[in-house]
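**Student:**
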Amino acid sequence: QVKVQIAVANAQELLQRMTDKCFRKCIGKPGSSLDNSEQKCIAMCMDRYMDAWNTVSRAYNSRLQRERANM
Amino acid sequence: QVKVQIAVANAQELLQRMTDKCFRKCIGKPGSSLDNSEQKCIAMCMDRYMDAWNTVSRAYNSRLQRERANM
Amino acid sequence: QVKVQIAVANAQELLQRMTDKCFRKCIGKPGSSLDNSEQKCIAMCMDRYMDAWNTVSRAYNSRLQRERANM
Amino acid sequence: MAELGGEAEAAELQRLVAAEEQRARFTAQVHNFMEVCWDKCVDKTGAKLDSRTETCLANCVNRFIDTTLSVTNRFAQIVQKGGH
Amino acid sequence: MAELGGEAEAAELQRLVAAEEQRARFTAQVHNFMEVCWDKCVDKTGAKLDSRTETCLANCVNRFIDTTLSVTNRFAQIVQKGGH
Amino acid sequence: MAELGGEAEAAELQRLVAAEEQRARFTAQVHNFMEVCWDKCVDKTGAKLDSRTETCLANCVNRFIDTTLSVTNRFAQIVQKGGH
Chain X
94 QVKVQIAVAN AQELLQRMTD KCFRKCIGKP GSSLDNSEQK CIAMCMDRYM DAWNTVSRAY
154 NSRLQRERAN M
Chain Z
94 QVKVQIAVAN AQELLQRMTD KCFRKCIGKP GSSLDNSEQK CIAMCMDRYM DAWNTVSRAY
154 NSRLQRERAN M
Chain H
94 QVKVQIAVAN AQELLQRMTD KCFRKCIGKP GSSLDNSEQK CIAMCMDRYM DAWNTVSRAY
154 NSRLQRERAN M
Chain Y
3 MAELGGEAEA AELQRLVAAE EQRARFTAQV HNFMEVCWDK CVDKTGAKLD SRTETCLANC
63 VNRFIDTTLS VTNRFAQIVQ KGGH
Chain L
3 MAELGGEAEA AELQRLVAAE EQRARFTAQV HNFMEVCWDK CVDKTGAKLD SRTETCLANC
63 VNRFIDTTLS VTNRFAQIVQ KGGH
Chain B
3 MAELGGEAEA AELQRLVAAE EQRARFTAQV HNFMEVCWDK CVDKTGAKLD SRTETCLANC
63 VNRFIDTTLS VTNRFAQIVQ KGGH
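Here the protein sequences come in this chain order: X, Z, H, Y, L and B.
The opening position of the first sequence corresponds to residue 94 in my numbering, with each subsequent residue numbered one higher.
The opening position of the second sequence corresponds to residue 94 in my numbering, with each subsequent residue numbered one higher.
The opening position of the third sequence corresponds to residue 94 in my numbering, with each subsequent residue numbered one higher.
The opening position of the fourth sequence corresponds to residue 3 in my numbering, with each subsequent residue numbered one higher.
The opening position of the fifth sequence corresponds to residue 3 in my numbering, with each subsequent residue numbered one higher.
The opening position of the sixth sequence corresponds to residue 3 in my numbering, with each subsequent residue numbered one higher.
(1) DSSP three-state label for residue 170 of chain H, please.
(2) Using the C-alpha atoms, what's the distance from residue 48 of chain L back to residue 149 of chain X?
(3) In the DSSP assignment, find the alpha helix (DSSP H) that holds residue 20 of chain B and state where it starts and stops.
(4) Any C-beta of chain H within less than 8 Å: which residues of the region 28–53 of chain B qualify?
(5) Measuring only the C-alpha atoms, how far is residue 72 of chain B from residue 125 of chain Z?
(6) Cβ atoms of residue 69 of chain B and residue 134 of chain Z: under 8 Å apart, would you say?
(7) By the criterion of Cβ-Cβ separation under 7 Å, what are the contact partners of residue 141 of chain H in chain B?
(8) Which residues of the region 56–84 of chain B have a Cβ closer than 8 Å to any Cβ of chain Z? Give them in chain order.
(9) With distances taken from CA atoms, which of B/77, B/60 and B/35 is nearest residue 108 of chain Z?
(10) Counting only the same chain and skipping the five closest in sequence on each side, list residues whose C-beta sits under 7 Å from that of residue 111 of chain Z.
(11) Spell out whether any CB of chain B is found under 8 Å from the CB atom of residue 106 of chain H.
(12) Quick test of your reading: residue 122 of chain H and residue 58 of chain L, contact by CB under 8 Å. State the CB separation rounded to the nearest angstrom.
(13) Please list, in chain order, all residues of the same chain as residue 1 of chain L whose beta carbon is under 6 Å from its beta carbon, the five residues on each side excluded.
(14) Could you spell out where the alpha helix (DSSP H) holding residue 118 of chain H opens and where it closes?
(15) Taking Cβ-Cβ distances below 9 Å as the criterion, which residues of the region 107–129 of chain H are in contact with chain L?
(16) Just how far apart, CA to CA, sit residue 130 of chain H and residue 117 of chain H?
(17) Quick check on residue 44 of chain L: buried or exposed, where buried means 16 or more other Cβ atoms within 10 Å of its Cβ?
(18) For a test of the three-state rule: what should DSSP assign to residue 94 of chain X, helix, strand or coil?
(19) Can you tell me where the alpha helix (DSSP H) holding residue 78 of chain B begins and where it ends?
(20) Mind checking whether residue 144 of chain Z and residue 51 of chain Y have CB atoms under 8 Å apart?
(21) Give a yes or no on whether 8 Å exceeds the smallest Cβ distance from residue 136 of chain X to chain Y.
(22) Given residue 42 of chain B, which residues of its chain have a CB within under 8 Å of its CB, disregarding the five upstream and five downstream residues?
(23) Does any residue of chain Z have a CB that is nearer than 8 Å to the CB of residue 8 of chain Y?
(24) State buried or exposed for residue 26 of chain L, treating a residue as buried only when at least 16 other CB atoms are found within 10 Å of its CB.
(25) Can you tell me whether DSSP reads residue 164 of chain H as helix, strand or coil?
(26) Please report whether the beta-carbon of residue 162 of chain X lies at a distance below 8 Å from any beta-carbon of chain L.
(27) Is residue 66 of chain B near residue 28 of chain B, with beta carbons less than 8 Å apart?
(28) Just verifying my parser: in three-state terms, what is the DSSP assignment at residue 133 of chain Z?
(29) Could you give the DSSP three-state label for residue 49 of chain B: helix, strand or coil?
(30) What three-state label does DSSP hand residue 141 of chain Z in the structure shown?
(31) State the Cα-Cα distance for the pair residue 153 of chain H and residue 64 of chain B, rounded to the nearest angstrom.
(32) Work out the CA separation of residue 79 of chain B and residue 96 of chain Z for me, nearest whole Å.
(33) Spell out whether any CB of chain X is found under 8 Å from the CB atom of residue 19 of chain Y.
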């Protein structure tokens with residue numbers, strides 16, 4: 094719930110960066126259309142990018158809380 | 094005609110990006126001056142960069158028109 | 094003296110770029126803490142980054158002065 | 003040039019500004035494509051762009067747009083389902 | 003919602019703006035971490051993030067913050083000593 | 003400090019702002035050179051910058067400026083000839 098909200102708040106920036114990373118990862122030499130394996134790669138890459146975003150976000154949040162507790 | 098106009102409208106940005114790409118492509122270890130082969134490489138790289146810009150620009154424009162026609 | 098002043102004037106930008114470059118240079122796979130060799134690498138990298146900044150800054154300044162003298 | 007009335011002038015100005023903004027967006031997008039496609043498609047810079055490189059560049063633009071659309075649609079579906 | 007007096011309303015608004023700004027800074031920072039840590043930690047994109055990649059990402063954030071703190075402190079010392 | 007009249011004060015302020023802007027441009031340019039030249043010239047970070055690295059950095063700045071001038075001049079010629 095919360096993760097989706099964070100994602101929506103900055104959806105445009107997230108979509109741009111995710112598209113860029115996944116295009117670079119999944120498209121070697123661009124052909125005349127996205128073939129099946131490229132499309133699957135992009136869908137997986139998106140899911141992993143959002144997983145990674147959530148992992149990074151949680152790790153950063155925990156660290157902020159630890160730093161505040163130590164002040 | 095049109096291509097040059099597009100180029101002039103954003104000349105500064107274009108020049109910066111082109112310089113950056115062509116410097117990275119043509120200058121290995123920077124020496125005490127630009128030698129002949131480096132200078133030729135830069136001139137060719139510029140021409141190819143502008144060709145590529147025009148190709149990309151045309152491809153994008155066609156795509157926009159196709160998308161509009163489908164709406 | 095002067096070099097430190099220049100550095101302070103744009104300290105935040107400098108710190109960000111230096112952290113980014115030195116993290117990429119010194120941290121291979123990030124572990125559960127900064128180990129000794131990583132910490133030493135970061136300290137050295139910082140010093141070299143600031144040396145390089147000063148070298149680049151001086152070279153640019155000389156060039157500007159030479160260009161002005163030729164005008 | 004004939005003088006325009008206040009309203010017509012304002013409408014004309016608005017049209018010009020909108021056209022200028024659209025051109026700026028187009029240009030920014032082309033710079034963005036170049037950032038991705040130049041490194042992907044142009045290895046050597048010879049006397050002219052060969053047709054393989056030209057095709058690669060045009061495909062690169064189109065596949066990048068396909069990727070953007072695909073990512074955006076899939077993201078919208080995920081958000082609508084309310085979680086991922 | 004109950005109507006708020008002018009001052010209470012202004013204070014509430016200020017609080018909201020501050021919270022929004024903090025969230026924007028947080029988000030910008032996460033984008034920044036992703037830029038560094040995605041390339042460092044994610045090689046292949048399989049059916050899910052394996053635990054090694056998850057650990058790498060969390061460590062990457064924490065080591066990046068450690069590096070920032072270490073660089074900033076050392077820089078402050080150098081500046082205070084008045085030269086490097 | 004002696005008080006300045008309105009005009010002298012304005013002129014002084016303008017001079018200060020211009021100097022500050024010039025310094026900001028200089029600094030931004032140095033950051034830009036560092037982005038290109040650090041990766042090109044600095045492989046290992048030892049106890050000090052060796053003279054080869056120092057020379058490489060200074061050459062890198064100068065060759066980058068040469069490249070900028072060369073690209074800009076050639077571009078201006080192409081535009082004047084009205085097409086490329």
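Note that CB positions come from ideal geometry on N, CA and C, so glycine has one too.
Keep in mind the model is a prediction, meaning the values are calculated, not measured.
**Tutor:** The short version:
(1) Since the displayed chain H opens at 94 and closes at 164, residue 170 of chain H lies outside it and no answer follows.
(2) Within the first sequence, numbered from 1, the residue matching residue 149 of chain X stands at position 56. Within the fifth sequence, numbered from 1, the residue matching residue 48 of chain L stands at position 46. Straight-line Cα distance between these residues: approximately 18 Å.
(3) In the sixth sequence, counting from the first residue as 1, residue 20 of chain B sits at position 18. Residue range 8–43 is occupied by the alpha helix (DSSP H) that includes residue 20 of chain B.
(4) Within the region 28–53 of chain B, the qualifying residues are 28, 29, 31, 32, 33, 35, 36, 37, 39, 40, 43, 44, 47, 48, 49, 50 and 51.
(5) By 1-based counting over the sixth sequence, the position of residue 72 of chain B is 70. By 1-based counting over the second sequence, the position of residue 125 of chain Z is 32. Residue 72 of chain B and residue 125 of chain Z have their C-alpha atoms roughly 16 Å apart.
(6) Position 41 of the second sequence, counted from the first residue, corresponds to residue 134 of chain Z. Position 67 of the sixth sequence, counted from the first residue, corresponds to residue 69 of chain B. One thing to note: residue 134 of chain Z has its Cβ no nearer than 8 Å to the Cβ of residue 69 of chain B.
(7) Position 48 of the third sequence holds residue 141 of chain H. Correct list: 44, 47 and 51.
(8) Residues are counted here when their Cβ sits less than 8 Å from a Cβ of chain Z; for the region 56–84 of chain B these are 58, 61, 62, 64, 65, 66, 68, 69, 70, 72, 73, 74, 76, 77, 80, 81 and 84, given in chain order.
(9) By 1-based counting over the second sequence, the position of residue 108 of chain Z is 15. Comparing Cα positions, the closest option is B/77.
(10) Within the second sequence, residue 111 of chain Z is the residue found at index 18, counting from 1. Excluding sequence neighbours, residue 111 of chain Z sits near 139 and 142.
(11) Position 13 of the third sequence, counted from the start, is the residue given in the question as residue 106 of chain H. It does; some Cβ of chain B falls within 8 Å.
(12) Counting from 1 along the third sequence, the entry for residue 122 of chain H is found at position 29. Counting from 1 along the fifth sequence, the entry for residue 58 of chain L is found at position 56. That belief holds up - the Cβ atoms of residue 122 of chain H and residue 58 of chain L are roughly 6 Å apart, short of 8 Å.
(13) Nothing can be reported for residue 1 of chain L: it is not among the residues displayed for chain L, which extend from 3 to 86.
(14) In the third sequence, residue 118 of chain H corresponds to position 25, counting from 1. Where residue 118 of chain H is concerned, the enclosing alpha helix (DSSP H) starts and stops at 104–119.
(15) Contact residues of the region 107–129 of chain H toward chain L are 107, 108, 109, 111, 112, 113, 115, 116, 117, 119, 120, 121, 122, 123, 124, 125, 126 and 127 (C-beta to C-beta distance below 9 Å).
(16) Taking the first residue of the third sequence as 1, we reach residue 130 of chain H at position 37. Taking the first residue of the third sequence as 1, we reach residue 117 of chain H at position 24. Whole-angstrom Cα-Cα distance: 14 Å.
(17) Along the fifth sequence, read from residue 1 onward, the residue named residue 44 of chain L stands at position 42. It counts as buried.
(18) Locating residue 94 of chain X in the first sequence gives position 1, counting from the first residue. Residue confidence for residue 94 of chain X is low, a pLDDT of 39 falling below 50, so the modelled location carries little weight and cannot support an answer.
(19) As a working note, residue 78 of chain B is residue 76 in the sixth sequence. Taken as a continuous stretch (DSSP letters only), the alpha helix (DSSP H) holding residue 78 of chain B covers 53–82.
(20) Residue numbering aside, residue 144 of chain Z sits at position 51 when the second sequence is read from its first letter. Residue numbering aside, residue 51 of chain Y sits at position 49 when the fourth sequence is read from its first letter. Yes.
(21) Your numbering for residue 136 of chain X matches position 43 in the first sequence. It does; some Cβ of chain Y falls within 8 Å.
(22) Residue mapping note: residue 42 of chain B aligns to position 40 of the sixth sequence, counting from 1. For residue 42 of chain B, where only same-chain residues beyond five positions count, the Cβ hits under 8 Å are 58 and 62.
(23) Within the fourth sequence, residue 8 of chain Y is the residue found at index 6, counting from 1. Judged by the 8 Å Cβ criterion, residue 8 of chain Y is not in contact with chain Z.
(24) Translated into the one-based positions of the fifth sequence, residue 26 of chain L becomes position 24. Exposed, since its Cβ has fewer than 16 Cβ neighbours within 10 Å.
(25) Taking the third sequence and counting its residues from 1, the one referred to as residue 164 of chain H is at position 71. Coil, per DSSP.
(26) Along the first sequence, read from residue 1 onward, the residue named residue 162 of chain X stands at position 69. With 8 Å as the cut-off, residue 162 of chain X does not count as an interface residue toward chain L.
(27) On the sixth sequence, position 64 is the one that residue 66 of chain B refers to. On the sixth sequence, position 26 is the one that residue 28 of chain B refers to. Cβ distance not < 8 Å, so residue 66 of chain B and residue 28 of chain B don't count as in contact.
(28) Locating residue 133 of chain Z in the second sequence gives position 40, where the first residue counts as 1. Look at residue 133 of chain Z here: in three-state DSSP terms it is helix.
(29) Within the sixth sequence, numbered from 1, the residue matching residue 49 of chain B stands at position 47. DSSP, read as helix, strand or coil, puts residue 49 of chain B in coil.
(30) On the second sequence, position 48 is the one that residue 141 of chain Z refers to. Helix, per DSSP.
(31) For the purposes of this step, residue 153 of chain H is taken as the residue at position 60 of the third sequence. For the purposes of this step, residue 64 of chain B is taken as the residue at position 62 of the sixth sequence. Between residue 153 of chain H and residue 64 of chain B, the C-alpha separation is close to 7 Å.
(32) Translated into positions along the second sequence, residue 96 of chain Z becomes position 3. Translated into positions along the sixth sequence, residue 79 of chain B becomes position 77. With a pLDDT of 49 at residue 96 of chain Z, under the threshold of 50, the predicted position of this residue should be treated as unreliable, though the coordinate-derived value follows. Residue 96 of chain Z and residue 79 of chain B have their C-alpha atoms roughly 15 Å apart.
(33) Your numbering for residue 19 of chain Y matches position 17 in the fourth sequence. Not an interface residue.
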